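**Q** Dropping a structure here in structure tokens format, bear with me for questions.
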């Protein structure tokens with residue numbers, strides 16, 4: 001096709017025309033006022049020839065508007081007009097790309113009015129910056145020839161100087177006989193007459209001038225090769241110019257996104273020459289790890305939308321495995337094939353290729369840790385290492401991995417040059433939870449379906465240690481309660497729906513949802529409350545002192561000096577150690593409380609026990625404030641007095657975790673109970689505890705009196721009679737009984753067919769006399 005001629009433009013109303021001696025800030029072009037021509041009755045038609053399309057002007061019949069005058073079509077599209085006799089009266093001829101921009105159809109009736117950009121009066125009418133997306137109009141005409149930013153900008157300015165542009169506008173550009181499709185991505189409108197003109201309006205209409213900084217961006221999946229100027233930002237910007245972080249729909253991760261941007265993307269925004277002078281390389285790998293449901297996968301997806309790059313390749317780790325020999329390694333190579341091909345052709349000018357691995361720990365485990373004998377897992381790790389940081393290095397890739405178990409991943413993948421940016425996506429804090437609630441309730445709030453009595457601040461405060469996914473589930477649960485109010489179920493008539501009542505989600509709905517939605521890293525109340533069925537009976541000052549000591553331990557754990565506080569609670573069997581530990585844990589108000597007990601370890605091998613304990617401690621590092629109760633530690637290490645024997649591996653696992661500090665910003669209180677302190681002393685684990693708390697038995701008749709009174713057992717006279725009989729038959733004021741034994745005797749007496757008084761005295765005297773060292777006639781044997 002012959003080169004299309006470009007018609008000369010009239011310099012009427014052109015403040016930038018050659019020969020003008022007045023500065024831009026002193027002279028403004030004179031445009032006709034809007035009341036010159038009636039603005040209705042025009043019909044859309046095709047441009048008379050290609051010159052009008054390539055010059056980005058509209059064709060009108062003579063006598064309606066002046067040549068070079070600016071008009072606005074249907075009050076949304078601003079164009080420069082050119083007179084021609086080829087257009088019938090009351091018609092306006094525009095090209096196909098302009099019709100697409102304005103969503104005009106052929107022969108559609110529109111209004112056409114003169115447009116005066118200076119009528120706003122704010123002076124910001126000139127384009128300071130103009131961001132343009134460019135690609136070949138016809139894919140078959142695409143070439144590998146590199147186009148420089150300066151060359152494209154000069155051509156664009158030559159053709160369209162003094163025209164008005166706005167965000168979203170589309171037009172054609174011809175260069176060296178090849179046509180390109182241009183889309184205006186963003187504009188920056190300024191006032192050239194003011195020194196602070198650079199602080200202008202974004203995405204407003206403005207006039208193209210010699211001072212406008214034009215930047216061309218490669219279209220997503222485009223074929224054009226834009227050569228970067230050494231002193232300008234890279235042509236294929238890493239971020240979409242129109243992208244807004246608030247549109248991502250992810251709450252509570254502002255700091256994490258700031259770190260991701262600084263480490264992984266900041267270097268890709270600068271010109272390659274600047275990065276070369278610094279002597280650094282772009283980050284190729286980023287690992288997102290943390291508890292399930294915190295938004296790792298969502299972040300990876302949104303990063304793909306945020307970046308002006310090729311469509312990300314998203315794969316689950318197990319999808320890489322193949323039953324054929326070498327098939328798994330081949331799948332890894334296929335992921336990098338497109339990036340390698342483009343990098344060989346275009347070098348540093350190639351676009352960014354993003355590869356997202358979900359469930360990374362499922363495939364890329366530590367080499368040598370598998371027992372299958374095939375070596376497939378090791379080969380897959382080796383193949384990924386070679387592609388990310390091998391001999392033929394790629395500078396146009398970004399591999400994002402996600403995992404819940406960072407500890408399982410091969411250590412070689414975590415070194416610089418591989419997944420060097422490792423970011424923990426932890427449980428959101430209160431401000432983050434508020435953001436997440438705002439995101440998930442935005443729709444119902446906008447539609448008026450969220451009751452005014454719902455306070456997002458209150459919900460954020462009540463949902464400690466909830467992940468983003470759990471908050472979403474909580475909102476769904478609350479909505480289900482609201483929906484269920486209009487549905488009635490009758491066994492006889494079936495389900496009836498009352499459509500007259502509208503749906504309104506109230507505070508009560510959220511409170512009900514909180515009762516049935518529990519966080520995975522929250523308080524395990526069910527297990528702890530088993531030890532507190534009868535409550536804590538404060539039968540002596542010693543019990544009060546233990547509880548006060550527990551409160552003091554919790555307060556001390558807030559100190560920067562003691563991020564880890566280990567407490568040993570010891571005493572004779574059935575003295576209430578586990579109940580006191582559970583009470584101290586629950587009264588702490590910490591969001592994460594768990595218990596390690598032998599009940600959960602039944603049937604486990606030694607290795608499984610170690611893994612279970614490790615998982616518990618690692619989970620306790622997820623939250624900022626944590627309490628871990630280890631009940632009967634001697635049973636957990638499988639201590640047996642005959643032999644003696646115990647699990648040395650489990651013991652060393654516990655000693656390690658009881659001594660090692662949690663990660664920065666985390667607080668952990670470990671409450672350990674035992675009935676054999678002497679055993680722990682022999683095993684050299686006593687030194688791992690910051691504090692020891694002794695829990696005695698019920699020692700005297702006076703303490704037993706307090707227990708009976710608090711439980712309201714027997715009437716006062718019968719109570720005194722029982723105590724006198726116990727004292728008389730045992731010939732001692734010393735009981736030495738565990739609180740559990742006393743509570744059992746009370747309940748047995750209440751359910752007995754005999755006299756409660758006689759049954760309680762008999763059971764209690766038998767327990768006292770059967771104690772080691774007691775004689776059958778009362779007192780102690782020596």
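Numbering (full-length UniProt numbering), first residue to last: 1 to 782.
A virtual CB, placed ideally from N, CA and C, is assigned to each residue, including glycine.
Small disclaimer: the values here were computed from a predicted structure and weren't measured.
(1) What does a CB cutoff of less than 8 Å around residue 701 pick up in its chain, not counting 5 residues either side in sequence?
(2) What are the boundary residues of the alpha helix (DSSP H) that residue 466 is part of?
(3) Going by C-alpha to C-alpha distance, which of 563, 689 and 645 sits closest to residue 662?
(4) Assuming residue 134 and residue 219 make a contact with CB atoms under 8 Å, what is their CB distance in whole Å?
(5) In chain order, which continuous runs of the alpha helix (DSSP H) of length 4 or greater are located wholly inside the stretch 125-181?
(6) Would you give the residue range spanned by the alpha helix (DSSP H) that residue 635 belongs to?
(7) With which residues is residue 700 paired in a DSSP beta bridge?
(8) Between residue 226 and residue 149, which are expected to be in contact by the criterion C-beta below 8 Å, what is the C-beta distance as a whole number of angstroms?
(9) For residue 687, does the three-state DSSP call read helix, strand or coil?
(10) Count the other C-beta atoms from every protein chain shown that fall within 10 angstroms of the C-beta of residue 753, then say buried if there are 16 or more, exposed otherwise.
(11) Let me know if residue 341 comes out buried or exposed under the rule of 16 or more other beta-carbons within 10 Å of its beta-carbon.
(12) Can you find the residues in the same chain that come closer than 7 Å, C-beta to C-beta, to residue 743, ignoring five residues on each side of it along the sequence?
(13) Within 10 angstroms of its Cβ, does residue 58 collect 16 or more other Cβ (buried), or is it exposed?
(14) Go ahead and label residue 483 buried or exposed: buried means 16 or more other beta carbons lie within 10 angstroms of its beta carbon, across all protein chains shown.
(15) Does DSSP put residue 783 in a helix, in a strand, or in coil?
(16) Helix or strand or just coil, what does DSSP make of residue 405?
(17) Three-state secondary structure (DSSP) at residue 601?
(18) Under 9 Å between the Cβ atoms of residue 469 and residue 295?
(19) Mind checking which residues open and close the alpha helix (DSSP H) that includes residue 216?
(20) Which word fits residue 750, buried or exposed, when buried means at least 16 other C-beta atoms lie within 10 angstroms of its C-beta?
(21) Have a look at the DSSP bridge pairing and note the partners of residue 358.
(22) Mind listing, in chain order, the continuous alpha helix (DSSP H) runs of no fewer than 4 residues lying wholly within the stretch 462-530?
(23) Looking at the secondary structure, which residues open and close the beta strand (DSSP E) in which residue 424 lies?
(24) Identify every run of the alpha helix (DSSP H) within the stretch 55-102, keeping only runs that are complete inside it and at least 4 residues long; order them along the chain.
(25) Should residue 626 go down as buried or exposed, given a rule of 16 or more other Cβ atoms within 10 Å for buried?
(26) Within 8 Å, do at least three Cβ pairs link the stretch 624-641 to the stretch 672-691?
(27) I'd like to know whether the C-beta atoms of residue 142 and residue 224 end up nearer to each other than 9 Å.
(28) What span of residues does the alpha helix (DSSP H) with residue 594 cover, start to end?
(29) How many angstroms separate the CA atom of residue 769 from the CA atom of residue 731?
(30) Using 10 angstroms around the beta-carbon of residue 604, count the other beta-carbons present and answer buried if the total reaches 16, otherwise exposed.
(31) Using C-beta distances below 7 Å, list every residue in its chain close to residue 203, excluding the 5 sequence neighbours before and after it, in chain order.
(32) Within 10 Å of its beta-carbon, does residue 325 have 16 or more other beta-carbons around it, so buried, or fewer, so exposed?
(33) Report the CB separation of residue 578 from residue 526 in whole angstroms; it is logged as a contact under 8 Å.
(34) Going straight from the alpha carbon of residue 699 to that of residue 646, what length do you get?
(35) Using 10 angstroms around the beta-carbon of residue 440, count the other beta-carbons present and answer buried if the total reaches 16, otherwise exposed.
(36) So the candidates are 497, 485 and 481; which of them puts its Cα closest to the Cα of residue 516?
**A** This is what the structure holds:
(1) 723, 726, 727, 733 and 735
(2) Unbroken run through residue 466: none, as it is neither H nor E.
(3) In terms of Cα proximity to residue 662, the closest of 563, 689 and 645 is 563.
(4) Contact between residue 134 and residue 219 is confirmed by a C-beta separation of about 7 Å, below the 8 Å threshold.
(5) 149-160
(6) Residues 633-636.
(7) 734
(8) 7 Å
(9) helix
(10) exposed
(11) exposed
(12) Only 534 meet the Cβ criterion.
(13) If you draw a 10 Å sphere on the C-beta of residue 58, you find 16 or more other C-beta atoms in it, and that means buried.
(14) exposed
(15) With the chain represented from 1 up to 782, any question about residue 783 goes unanswered, as that position is not in the structure.
(16) coil
(17) Three-state DSSP puts residue 601 in a helix.
(18) yes
(19) Taken as a continuous stretch (DSSP letters only), residue 216 belongs to no alpha helix (DSSP H), being part of the beta strand (DSSP E) at 213-218.
(20) Using a 10 angstroms sphere on the CB of residue 750, the tally of other CB atoms stays under 16, which defines it as exposed.
(21) 316
(22) Here the runs fully enclosed are 468-484, 507-516 and 525-529.
(23) 421-424
(24) Segments of the alpha helix (DSSP H) lying fully in the stretch 55-102: 96-102.
(25) buried
(26) yes
(27) yes
(28) Premise fails: residue 594 lies in the beta strand (DSSP E), 592-596, not in any alpha helix (DSSP H).
(29) 10 Å
(30) exposed
(31) 167, 186 and 187
(32) exposed
(33) The pair is not a contact, with the Cβ atoms about 15 Å apart (cut-off 8 Å).
(34) 32 Å
(35) It is buried - the Cβ of residue 440 has at least 16 other Cβ atoms within 10 Å.
(36) 481
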